[in-house]
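Chemist:
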Amino acid sequence: MQLTYTLQTIDQIAAQFWQKMQNSRIFALHGEMGAGKTTLVQALCKAKGVNDGVHSPTFSIINEYRDAEGKIIYHLDLYRIDSEEEAVRAGVEDCLYSGEICFVEWPEKLPRILPSDATHVYIYWIDETTRKLNVMDK
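For the sequence shown, the numbering used here assigns the number 584 to the initial residue and increments by one for each residue that follows.
This is how it looks when you write it as structure tokens:
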């Protein structure tokens, strides 16, 4: 699946995303710094009915949200992780194998821990207001 969007259309893209990705649980988000990974997660969480503020877990590593049905959504930012051992101690592996929806920023930092059935989402910066998604599901 390939989608192009702006901040004005990101909510519609989030709805389309969930229609196509209903059965996926783990989303590996790839993109350069500033590509919009957290902004995309905010829109996807909003589409799932998350009422809490969705923010980058750069320093906390893991943020946990509840959707409209009370189900957990994990948001992981592995940018500051230096080793798989550190990730395991932080609880990353527990989140990934919990069966809950999990968004993982910087998944390339821990390729051996990431489940093989993860859906890979590549975010490309087109210009100041436009991004392109390439979604590679299982």
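Glycine included, each C-beta is placed from N, C-alpha and C at the ideal position.
If you draw a straight line from the C-alpha of L679 to the C-alpha of S607, how long is it?
Modeler: As a first step, residue 679 must be located in the sequence shown, where it is residue number 96. As a first step, residue 607 must be located in the sequence shown, where it is residue number 24. Cα to Cα, the separation comes out at about 12 Å.
Chemist: Express the C-alpha separation of Q602 and A626 in angstroms, rounding to a whole number.
Modeler: Position 43 of the sequence shown holds residue 626. Position 19 of the sequence shown holds residue 602. Those two C-alpha atoms are separated by around 14 Å.
Chemist: Using CA atoms only, rank isn't needed, just tell me which of I684, I655, L586 is closest to Q599.
Modeler: For the purposes of this step, residue 599 is taken as residue 16 along the sequence shown, with counting starting at 1. If we check each option's Cα against that of Q599, L586 comes out closest.
Chemist: Taking only the alpha-carbon atoms, compute the straight-line gap between D700 and W708 and give it to the nearest angstrom.
Modeler: For the purposes of this step, residue 700 is taken as the residue at position 117 of the sequence shown. For the purposes of this step, residue 708 is taken as the residue at position 125 of the sequence shown. Going by the C-alpha atoms only, they are around 26 Å apart.
Chemist: Which stretch, first to last residue, makes up the beta strand (DSSP E) that contains V718?
Modeler: Translated into the one-based positions of the sequence shown, residue 718 becomes position 135. It spans 713 to 719 - the beta strand (DSSP E) in which V718 sits, taken as one unbroken run.
Chemist: Pull up the distance between the alpha-carbon of L659 and that of R672, whole angstroms please.
Modeler: One-based indexing of the sequence shown puts residue 659 at position 76. One-based indexing of the sequence shown puts residue 672 at position 89. Near 14 Å, if we compare the C-alpha coordinates of R672 and L659.
Chemist: How would you write the range of the beta strand (DSSP E) that A611 sits in, first residue to last?
Modeler: Translated into the one-based positions of the sequence shown, residue 611 becomes position 28. Per DSSP, A611 belongs to the beta strand (DSSP E) from 609 to 613.
Chemist: Just to confirm, is the Cβ distance from H613 to I706 under 8 Å?
Modeler: Along the sequence shown, read from residue 1 onward, the residue named residue 613 stands at position 30. Along the sequence shown, read from residue 1 onward, the residue named residue 706 stands at position 123. For H613 and I706, yes; Cβs fall inside 8 Å.
Chemist: Less than 6 Å between C-beta atoms, sequence neighbours within five positions excluded: which residues of the same chain meet that for T570?
Modeler: The first residue shown for the chain is 584 and the last is 721, placing residue 570 beyond what the model contains.
Chemist: Let me know the beta strand (DSSP E) ranges lying completely inside the stretch 624 to 661, each 3 residues or longer, listed in chain order.
Modeler: Here the runs fully enclosed are 645 to 649, 655 to 660.
Chemist: Mind checking P690: buried by the 16 CB within 10 Å criterion, or exposed?
Modeler: Counting from 1 along the sequence shown, the entry for residue 690 is found at position 107. Buried, because 16 or more other Cβ atoms sit within 10 Å of the Cβ of P690.
Chemist: Are the Cβ atoms of E711 and L693 separated by less than 8 Å?
Modeler: For this step, residue 711 is matched to residue 128 along the sequence shown. For this step, residue 693 is matched to residue 110 along the sequence shown. Their beta carbons are not under 8 Å apart, which means E711 does not touch L693 by this criterion.
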